[in-house]
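Undergrad: Just dropping this structure here.
In our numbering, the protein residues as written are 11 to 394.
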């Protein structure tokens, strides 16, 4: 099936934690060919999780029952997500003969960056998940007092400096802590805050932009990774101490990892510990990563993990916005036509790469695996 999934100019995109984390894992576990490999991956992840959290963990049973994770078992969600992401890649390699290391680059949102490092050969799964697992209980406990909001503009771009300044002023009041968790696009970002800080942010929106700026609350509770809230339990420092003795970490990732900590291909042969430490409390630079991928001219993004969410949605929104813009402008339509020609694309300004968004092929790996049998027989879509 390798002729149907070309990775030489492709991206491996790993998902992070979400309120739902099961996806089609049960189908993969019950598959007549894939099942044994998936079962072994879940069994090994269960054993690692058990050794860290010191209670019985049975991911195989959870997946067989189709019982999704909750915040109360955040540690199991971590083990489930990472183990299924790596298992999906192994299925691709072992049963379809596709060498995923040939991908041009890997990216990972939040927890997905840890999976990207595992896929790149920097760490083993069993070692890489130990630190997130060790911090999971405190992260989940902090989440009980944390709210998330989406800050967005229907007009101008949002200044990162202005947002940071407003958040720092709110923190200085001593009635909770708020910080940016992810920069989604030039006009949208995620904020997380304790107490009522996210609601209080609404009163300061005009200090960020004078008009057409909005804050939408999210109804769910989220572990406050990538924000200064984790400092309250010394999570950054505790994880950094554990990183000293983490096995591995002396190999440059292959495929290279475009980090959401820095927005760049920052990992080299021995600096992964430093970047992982920053990963804990630094906001995710999602937009910088998306922008860089478009500049690179990638043509395929393979979304890995159970029911990928934020990365496909981000590209879908961007593609829709680009298509809407090009329909209304003759000049934009002309640029869109040029962008399909690589030799001309190189002559255009960097931002013209955004026009490539609608042209990128997106593949959800768990769907692809279930639709393409290892024996080469295509699965009837109506029989899924």
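Every residue gets a Cβ at the ideal spot worked out from N, C-alpha and C, and that includes glycine.
Can you give me the Cβ contacts of residue 98 inside the same chain, cut-off strictly under 8 Å, excluding the 5 residues immediately before and after it?
TA: Around residue 98: 38, 314, 315, 375, 376 and 379.
Undergrad: Restricting to Cα atoms, I'd like to know which of 15, 19 and 23 is closest to residue 317.
TA: With distances taken between Cα atoms, residue 317 lies closest to 23.
Undergrad: In whole angstroms, give me the CA-to-CA distance for residue 261 and residue 283.
TA: Straight-line Cα distance between these residues: approximately 12 Å.
Undergrad: What three-state label does DSSP hand residue 179 in the structure shown?
TA: The answer is helix: DSSP assigns residue 179 an H, G or I state.
Undergrad: Kindly identify the DSSP beta-bridge partner or partners of residue 24.
TA: DSSP, once it has assigned bridges, lists 118 and 314 as partnering residue 24.
Undergrad: Does the count of Cβ pairs from the region 172-185 and the region 213-221 closer than 8 Å reach three?
TA: The answer is yes - the region 213-221 touches the region 172-185, with three or more Cβ pairs under 8 Å.
Undergrad: For residue 372, does the three-state DSSP call read helix, strand or coil?
TA: Note: residue 372 maps to strand in three-state DSSP.
Undergrad: Taking buried to mean at least 16 other C-beta atoms within 10 Å of its own C-beta, is residue 182 buried or exposed?
TA: It counts as exposed.
Undergrad: So, does the region 273-289 touch the region 51-70, judging by three or more C-beta pairs under 8 Å?
TA: Segments in contact, no.
Undergrad: Buried or exposed: which applies to residue 125, given that a residue is buried once 16 or more other Cβ atoms fall within 10 Å of its Cβ?
TA: Counting Cβ neighbours within 10 Å, residue 125 comes out buried, since at least 16 surround it.
Undergrad: If I'm right that residue 245 touches residue 149 with Cβ under 8 Å, what's the distance once you round it to whole angstroms?
TA: With 8 Å as the limit, residue 245 and residue 149 qualify as a contact, their Cβ atoms being about 7 Å apart.
Undergrad: What do you reckon, are the CB atoms on residue 373 and residue 152 nearer than 8 Å?
TA: No, they are not a contact pair.
Undergrad: Consult DSSP for residue 440 and reduce its assignment to one of helix, strand or coil.
TA: Lying outside 11 to 394, the shown extent of the chain, residue 440 is not represented and no answer is given.
Undergrad: What do you get for residue 227, buried or exposed, if any count of 16 or more other CB atoms within 10 angstroms of its CB means buried?
TA: Under this definition residue 227 is an exposed residue.
Undergrad: What number of angstroms, rounded off, separates the C-alpha of residue 238 from the C-alpha of residue 256?
TA: Computed Cα separation, rounded: 24 Å.
Undergrad: Between which two residues does the beta strand (DSSP E) containing residue 228 stretch?
TA: That run of the beta strand (DSSP E) goes 223-228.
Undergrad: Compute the Euclidean distance between the alpha carbons of residue 18 and residue 114, then round it to the nearest angstrom.
TA: Each residue's Cα considered, the two are about 6 Å apart.
Undergrad: Would you mind stating whether residue 311 and residue 26 have Cβ atoms separated by less than 8 Å?
TA: Not a contact, by the Cβ cut-off of 8 Å.
Undergrad: Would you call residue 349 buried or exposed, if buried means 16 or more other Cβ atoms sit within 10 Å of its Cβ?
TA: In this prediction, residue 349 has a pLDDT of 48, which is less than 50 and means its spatial position is unreliable; what the coordinates show is noted afterwards. Residue 349 should be labelled buried.
Undergrad: Return the chain-ordered list of same chain residues with a C-beta closer than 8 Å to the C-beta of residue 53, the five sequence neighbours on each side being excluded.
TA: 69 and 70.
Undergrad: Count the other C-beta atoms from every protein chain shown that fall within 10 angstroms of the C-beta of residue 330, then say buried if there are 16 or more, exposed otherwise.
TA: Classification of residue 330: exposed, given that the 10 Å Cβ count is below 16.
Undergrad: Between the region 127-137 and the region 201-209, are three or more C-beta pairs nearer than 8 Å?
TA: Counting Cβ pairs under 8 Å, fewer than three are found: no touch.
Undergrad: List the whole-angstrom C-beta distance separating residue 123 from residue 269, where the pair is believed to meet the contact cut-off of C-beta under 8 Å.
TA: The pair is a contact, with the Cβ atoms about 6 Å apart (cut-off 8 Å).
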